[in-house]
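Colleague:
There are 2 protein chains.
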Amino acid sequence: MTATPTPPSPELLYLLAGDEEEFQLACADLRPADIADALNKLPPDAAARVLAALPFNRAVQLFDEPELERRGELFERLDQSAAVPILEAMSSDQQVELFRELPEPARDRLVHVLAAPTRDALRLLLRYPETSAGGIMTTEFVGVPAAWTVERVKAYIREVGNAKETVYAIYVLDPAGQTLQHVVSLREIMMAADADRVDGVGEQREPITVRPLTDREEVARIIGKYNLLAVPVVDDARHVLGIVTVDDIIDALVSETTEDVQKFGGMEALDEPYMQISFGAMVKKRAGWLCALFLGEMLTATAMGYFETEISKAVVLALFIPLIISSGGNSGSQATSLIIRAMAVREVTLRDWWRVAVRELPAGLTLGVILGVIGFFRIMLWQKLGWYNYDPHHVLVAITVAIALIGVVTFGSLAGSMLPFLLRRLGFDPASASAPFVATLVDVTGLIIFFSMALLILRGTLL
Amino acid sequence: MTATPTPPSPELLYLLAGDEEEFQLACADLRPADIADALNKLPPDAAARVLAALPFNRAVQLFDEPELERRGELFERLDQSAAVPILEAMSSDQQVELFRELPEPARDRLVHVLAAPTRDALRLLLRYPETSAGGIMTTEFVGVPAAWTVERVKAYIREVGNAKETVYAIYVLDPAGQTLQHVVSLREIMMAADADRVDGVGEQREPITVRPLTDREEVARIIGKYNLLAVPVVDDARHVLGIVTVDDIIDALVSETTEDVQKFGGMEALDEPYMQISFGAMVKKRAGWLCALFLGEMLTATAMGYFETEISKAVVLALFIPLIISSGGNSGSQATSLIIRAMAVREVTLRDWWRVAVRELPAGLTLGVILGVIGFFRIMLWQKLGWYNYDPHHVLVAITVAIALIGVVTFGSLAGSMLPFLLRRLGFDPASASAPFVATLVDVTGLIIFFSMALLILRGTLL
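Here you go:
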């Protein structure tokens, strides 16, 4: 959809000619993200050979590019004499990401040969979990003393601009304690008079900051809410440890969404692209939840065991079991997905559980009545048209199914909407497999509701 | 988690004092997004009174703030004499969003009183769907002729900077045709010499552009991939129609995720916050899909009808129906969520369906065998421990359940992974209720697989 012409295919050229220079030539006009795409399509050995043959700056650019997959694996295939300078030249947030992809022994080896400043920065950043602000921040930001003039700040940006992740947010530090005093945007700097002191430029509000352990989703929410290009990460004493920029956040948002969707579908997050993860790793990630849900669903067999006599007396009841429990499951997963999302965007917090319950009870009841009425007429119609024979007591069977549907859908909506609150209260991520979890819960309860209704309505006739 | 002190609660102050000035005073130090939060918590009448009492610039800022909910409703409560200048002063992308929230008659009334340039810009932008680049772009960007010097560009930015959405991307236009020739960043402008021509600054690559009808998710992908702060939207002749900035994209990503999760949970996207949508509208949105799935699930009753004789002969089989069909549904929704996500992040495209099928078949088979083995031992164990009596043929029952599980889970994984391809091929959004859809499909097929296996294995003994 971009207007840029279809790029030539450097990976194809390389595979045909087997020549690293051919690849490089084909890439001359491409952006790093596109070259990374081409490298991603090569086998790791070939990609590593191409990277090794690239000029130093180009290689740094590529290892700095989050689009490049298998970064750890490719890095390990480089000679150490080539690898160390590349790592040193990378931006600090990408160094950390690369380091995270390396196996333990390779990390240990590297730590000993890296320059002291790089090593210390890495050690600091690696302390934070990768889903936290500290784990995705970069330490390359523009910090200036409060007493500088606008003119001096501009000169400084011209001097160091290329080495910083962003120059659009400038952090004004108190010269005494090096603590954060003020944040100005480059736009504000551009609009100000050259002789003005930088700490007087722009709106004089308490800067928005986050802590190193703030969750990256929360950082995304803050950056989105206040339309920021970057947010500073500060410690207790208000020293700036680093900044999280908006492009880190976009990457983080995309991986959070992937995780959420995968968890929602009832599995552990894959962490790797579907086509690249090994068969064994994928099956392992999927089998865990599937087995857990299976063990939960076994309760349905136990529950049904209690009603074996009823089923043998009225086999007609068994016909509606899948219909009834799946309706409960569907209404439950609807309610769960609604609440999980409302929680994620902060429309609903933990203490709103009661208000949600008060909405879901009538909503579930209404939905249940709608399905119950459809179910009732389905049975009556099939009977009338002679498509199936639910006699001797087809009206009673239809009533039983309808009332069971009302009960199951109401319970499903209520349970589905309350489960995310319960999970969060217990300290779990509400997105973790909530939908399949609720389906299992509702299946078991649904059976009990159905057969209890049947006993109530059909006793003395069918049962 | 921000280090900013807890803000006072202006909405509470207002509700206690009933005084617009009190609210305004409490808000003096707050950012627009936080004032919007406070207004969101007031009843619409009170919020409109507060907005009407605000100074003009403050009111414009707030209506320009995407955090402000019920913008259309609040706008309608303003006097027309106050409303029109506010709308005129808003940024073009927010004008469009506000317009979209207004009812038809209010729009028609406004169109006649707006100034011609605003009206024309609005008409242009309203032509595009709100999920497209054209629907979220702003027309306020910095465009400069190719022949200008860096110095002149800087002077121009100082002059118009406040009225533009962003000054960090500068669009260099061909003076003859006003077409896009080059894009420079403000960082590059800062680093360049004052006397340089602007079209020679920065890397001389074909600019990245999108078309007005490009989907906003695709725009997000491009902005994320190339780490852009904004992307220009161009027509066929390469005229710049507007730009989409990174903060529009964050808002869009968050609403896309909400839509996806809601669709995934089996319902139409709510479009409104859970706590604010009317009861009727919510039930309507939920009932549609629930009824569609219910009608689909009715096929399970039909399918079971064919096996009524078998069930009456071997009631023990009925006990495992929920367990077996739910295992198929769970494995199906896992596979679906994996593939939907892989499609969304472009790891997998339509023509990969065959490669996915070749992975899912053995994956499903492996997962099926795992569950089958657990199921087999569950039945044998209960029998041994005397917890339940599956005799006279408990071994055969256990074998039937195990083999049915293998078949159902394999089928579920395969069907679940192929459904997103089918939906996309037919032009639908693969996220639309795929998971519940696949569950329904697998429920019906699962029953048929289960009873076919039973007939095969148990004929002559139980059946």
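Line by line, the protein sequences are chains G and V. In terms of the numbering used here, the first sequence is residues 1 to 463. In terms of the numbering used here, the second sequence is residues 1001 to 1463. Ideal Cβ placement from N, Cα and C applies to all residues, glycine included.
#1: What does the Cβ neighbour count give for residue 1430 of chain V, buried or exposed, with the cut at 16 atoms within 10 Å?
#2: Spell out the partners DSSP gives residue 173 of chain G in its beta bridges.
#3: Starting from residue 245 of chain G, trace the beta strand (DSSP E) in both directions and tell me its first and last residue.
#4: Using a Cβ-Cβ cut-off of 6 Å (strictly less than) and excluding sequence neighbours within five positions of residue 1202 of chain V, which residues of its own chain qualify?
#5: Any beta-carbon of chain V closer than 8 Å to the one on residue 373 of chain G?
#6: Name the DSSP beta bridge partners of residue 230 of chain G, please?
#7: Output the distance between the C-alpha atoms of residue 410 of chain G and residue 174 of chain G, rounded to the nearest integer angstrom.
#8: Whose Cβ in chain V lies nearer than 8 Å to the Cβ of residue 469 of chain G?
#9: Which residues bound the alpha helix (DSSP H) around residue 1156 of chain V?
#10: Runs of 4 residues minimum, wholly inside the stretch 36 to 60 of chain G: which ones carry the alpha helix (DSSP H) assignment?
#11: Three or more C-beta pairs under 8 Å: does that hold for the stretch 277 to 288 of chain G against the stretch 250 to 260 of chain G?
#12: If you draw a straight line from the C-alpha of residue 1152 of chain V to the C-alpha of residue 1191 of chain V, how long is it?
#13: Output yes if chain V places a C-beta closer than 8 Å to the C-beta of residue 40 of chain G; else output no.
#14: Use the C-beta contact count for residue 452 of chain G: other C-beta atoms within 10 angstroms, 16 or more gives buried, fewer gives exposed.
#15: Please go through the same chain and pick out, in chain order, the residues whose beta-carbon is closer than 6 Å to the beta-carbon of residue 1253 of chain V, but skip the five residues on each side of it.
#16: For residue 1275 of chain V, go through chain G and note every residue whose CB falls closer than 9 Å to its CB, in chain order.
#17: Rounded to a whole number of angstroms, what is the C-alpha to C-alpha distance between residue 131 of chain G and residue 421 of chain G?
#18: Tell me which same chain residues have a C-beta within less than 7 Å of the C-beta of residue 1229 of chain V, skipping the five on either side of it?
#19: Closer than 7 Å, Cβ to any Cβ of chain G: which residues of the stretch 1085 to 1106 of chain V, in chain order?
#20: If you pair each beta-carbon of the stretch 1441 to 1456 of chain V with each one of the stretch 1347 to 1361 of chain V, do three or more pairs fall below 8 Å?
#21: Just to confirm, is the Cβ distance from residue 372 of chain G to residue 402 of chain G under 8 Å?
#22: With a threshold of 8 Å between beta carbons, is residue 304 of chain G in contact with chain V?
#23: Give the straight-line distance between the Cα atoms of residue 1318 of chain V and residue 317 of chain G, rounded to the nearest whole angstrom.
#24: Flag this pair as yes or no: are the beta carbons of residue 458 of chain G and residue 314 of chain G separated by less than 8 Å?
#25: I'd like to know if residue 1224 of chain V contacts chain G, where contact means its C-beta is closer than 8 Å to some C-beta of that chain.
#26: What do you reckon, are the CB atoms on residue 1242 of chain V and residue 1139 of chain V nearer than 8 Å?
#27: When you compare only the Cα positions, how much space is there between residue 133 of chain G and residue 231 of chain G?
#28: Curious, which full-length alpha helix (DSSP H) runs of at least 4 residues does the stretch 109 to 136 of chain G contain?
#29: Going by DSSP, which residues form a beta bridge with residue 185 of chain G?
#30: At a Cβ cut of 9 Å, what residues of the stretch 167 to 178 of chain G count as close to chain V, listed as they run along the chain?
#31: What are the boundary residues of the alpha helix (DSSP H) that residue 1343 of chain V is part of?
#32: Smallest Cα separation from residue 1224 of chain V: which of G:86, G:255, G:386, G:450?
#33: Run down chain V in chain order and give the residues with a C-beta less than 7 Å from the C-beta of residue 388 of chain G.
#34: Less than 8 Å separating the beta-carbons of residue 47 of chain G and residue 54 of chain G?
#35: Taking Cβ positions only, does residue 127 of chain G come closer than 8 Å to chain V?
#36: Determine, for residue 9 of chain G, whether the minimum Cβ-Cβ distance to residues of chain V falls below 8 Å.
Modeller: Taking the definition as stated:
#1: buried
#2: G:145, G:180
#3: 240 to 245
#4: 1184, 1188
#5: no
#6: G:245
#7: 59 Å
#8: For residue 469 of chain G there is no data in the structure shown, the boundaries of chain G being 1 and 463.
#9: 1150 to 1160
#10: 44 to 53
#11: no
#12: 15 Å
#13: no
#14: exposed
#15: 1220
#16: 342, 347, 348, 352, 355, 356, 359
#17: 22 Å
#18: 1166, 1168, 1169, 1245, 1246
#19: none
#20: no
#21: yes
#22: yes
#23: 10 Å
#24: yes
#25: yes
#26: yes
#27: 9 Å
#28: 116 to 126, 133 to 136
#29: G:169
#30: 167, 168
#31: 1321 to 1344
#32: G:255
#33: 1305
#34: no
#35: no
#36: no
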